[in-house]
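From first to last, the protein sequence lines stand for chains A and B.
Here our numbering is used: the first residue of the first sequence is 1, the next is one more, and so on.
Here our numbering is used: the first residue of the second sequence is 1, the next is one more, and so on.
Note that the Cβ used here is the ideal one computed from N, Cα and C, for glycine as well.
In what follows, a structure is listed as structure tokens, so that the remarks can point back to it.
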Amino acid sequence: DSGVTQTPKHLITATGQRVTLRCSPRSGDLSVYWYQQSLDQGLQFLIQYYNGEERAKGNILERFSAQQFPDLHSELNLSSLELGDSALYFCASSGSRVGNEQFFGPGTRLTVL
Amino acid sequence: DAKTTQPTSMDCAEGRAANLPCNHSTISGNEYVYWYRQIHSQGPQYIIHGLKNNETNEMASLIITEDRKSSTLILPHATLRDTAVYYCIVRRDQAGTALIFGKGTTLSVSS
Chain A
1 DSGVTQTPKH LITATGQRVT LRCSPRSGDL SVYWYQQSLD QGLQFLIQYY
51 NGEERAKGNI LERFSAQQFP DLHSELNLSS LELGDSALYF CASSGSRVGN
101 EQFFGPGTRL TVL
Chain B
1 DAKTTQPTSM DCAEGRAANL PCNHSTISGN EYVYWYRQIH SQGPQYIIHG
51 LKNNETNEMA SLIITEDRKS STLILPHATL RDTAVYYCIV RRDQAGTALI
101 FGKGTTLSVS S
């Protein structure tokens, strides 16, 4: 158990809909990262937050957004969903110490029908 | 961050050592070598990382060549539960940098 929790585990929705994925980092970790894993693209970094502020952006679509709340949990919002958004979405967290590894949650499997 | 090259797949007999190679010929002096693995759609799991000295922990050993252009992850006594995709990642060791995953090596351990 990495200490990172993600909800829900599975999500099935239709094209055009909007969903919210939730992540609770390990206790004390200030950084939260979101990654997407699809069959054709592999594991891709989407976005990172550090103590409530956006720190870095990767290959995140404009239809996607995220935020980190004062209690450090994070939410990834996916809107106008397309079939190609079906994927595993992982959240990871790390501390602020140089060299801290990232701990990954179990992921949310999103299926867009 | 430097690019890495790994074999697509490898096989290993249970109980034997698994040696997973990684080439990172463009690595810079301030870049570290990290290894993660992913067991069947679970979240990736940190294994080990190093700069230039060999490293060992309870999971594995990391051997980095003197010129730092390649490294080998060693699982000393592979078990069936070590079957996974192993990712070699080179990154600057700064707090808060994202991981850039390649395709990794699929290690299959069989009895």
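Alpha carbon of residue i to alpha carbon of residue j, nearest angstrom
i, j, result
"B:Ile-64", "B:Ser-9", "21 Å"
"A:Ala-14", "A:Leu-81", "7 Å"
"A:Ile-47", "A:Gly-107", "15 Å"
"B:Cys-12", "B:Glu-31", "30 Å"
"B:Asn-23", "B:Pro-76", "20 Å"
"A:Thr-7", "B:Ile-47", "25 Å"
"B:Lys-69", "A:Gln-44", "24 Å"
"A:Ala-66", "B:Ala-17", "42 Å"
"B:Asn-53", "A:Leu-11", "44 Å"
"A:Tyr-89", "A:Gly-28", "22 Å"
"A:Leu-110", "B:Asp-67", "43 Å"
"B:Ser-41", "A:Gln-36", "12 Å"
"B:Tyr-86", "B:Leu-62", "13 Å"
"A:Asp-71", "A:Leu-61", "26 Å"
"B:Gly-29", "A:Asn-100", "19 Å"
Pair within 8 Å by beta-carbon distance, residue i and residue j
i, j, result
"A:Cys-91", "A:Tyr-33", "yes"
"A:Arg-63", "A:Ser-79", "yes"
"B:Arg-74", "B:Asn-19", "This sequence places Ile at residue 74 of chain B; Arg is not what is there. Taking 8 Å as the Cβ cut-off, B:Ile-74 and B:Asn-19 qualify as a contacting pair."
"A:Asn-77", "A:Thr-20", "yes"
"B:Tyr-34", "B:Gln-45", "no"
"B:Tyr-107", "B:Glu-14", "Sequence inspection shows Leu at residue 107 of chain B; the Tyr mentioned does not correspond to that position. It is not a contact, given that the beta carbons lie outside the stated cut-off."
"B:Thr-105", "B:Gln-6", "yes"
"B:Val-178", "B:Ala-60", "An answer regarding residue 178 of chain B cannot be provided, because it is not within the stretch 1 to 111 covered by chain B."
"B:Gly-102", "B:Thr-26", "no"
"B:Gly-43", "A:Ser-24", "no"
Own chain, CB closer than 6 Å to residue i, minus 5 neighbours either side, in chain order
i, result
"A:Ser-38", "Ala-87"
"B:Pro-21", "Thr-72"
"B:Ser-111", "Glu-14"
"B:Ile-39", "Ala-84"
"B:Leu-51", "Tyr-32"
"A:Arg-18", "Ser-79"
"A:Gln-102", "Ala-92 and Ser-94"
"A:His-73", "Ser-24"
Presumed contact (8 Å Cβ cut-off) between residue i and residue j, rounded CB distance
i, j, result
"A:Phe-104", "A:Val-4", "6 Å"
"A:Arg-22", "A:Glu-75", "5 Å"
Close Cβ partners of residue i (< 7 Å) along its chain, the five nearest in sequence each way excluded
i, result
"A:Gly-16", "Ser-80 and Leu-81"
"A:Gln-41", "none"
"B:Asn-57", "Ile-48"
"A:Leu-83", "Thr-15 and Val-112"
"A:Lys-57", "Ile-47"
"A:Asp-85", "Leu-78, Leu-110 and Val-112"
Any C-beta of chain D under 8 Å from that of residue i
i, result
"B:Ser-28", "Although the question refers to chain D, the structure presented lacks it and instead comprises the protein chains A and B."
Any non-hydrogen atom of the ligand COA closer than 7 Å to residue i Cβ
i, result
"B:Met-10", "The ligand COA is not part of this structure, which contains no ligands at all."
Report task. Select from the stretch 32-53 of chain A all residues with a C-beta closer than 7 Å to any C-beta belonging to chain B, and list them in chain order. Result -> Residues passing the 7 Å Cβ filter: Tyr-33, Gly-42, Leu-43, Phe-45, Gln-48 and Tyr-50.
Requested in this report: Give, in chain order, every residue of the stretch 46-80 of chain B whose Cβ lies closer than 8 Å to some Cβ of chain A.
Outcome: Tyr-46 and His-49
**Report entry** Under 9 Å (Cβ pairs) to chain B, residues found in the stretch 56-74 of chain A
**Finding:** Ala-56 and Gly-58
Query raised in the report: Using a beta-carbon distance cut-off of less than 9 Å, what residues from the stretch 87-111 of chain A approach chain B?
Result: Leu-88, Phe-90, Cys-91, Ala-92, Ser-94, Gly-95, Ser-96, Arg-97, Val-98, Gly-99, Asn-100, Glu-101, Gln-102, Phe-103, Phe-104, Gly-105, Pro-106, Gly-107 and Arg-109
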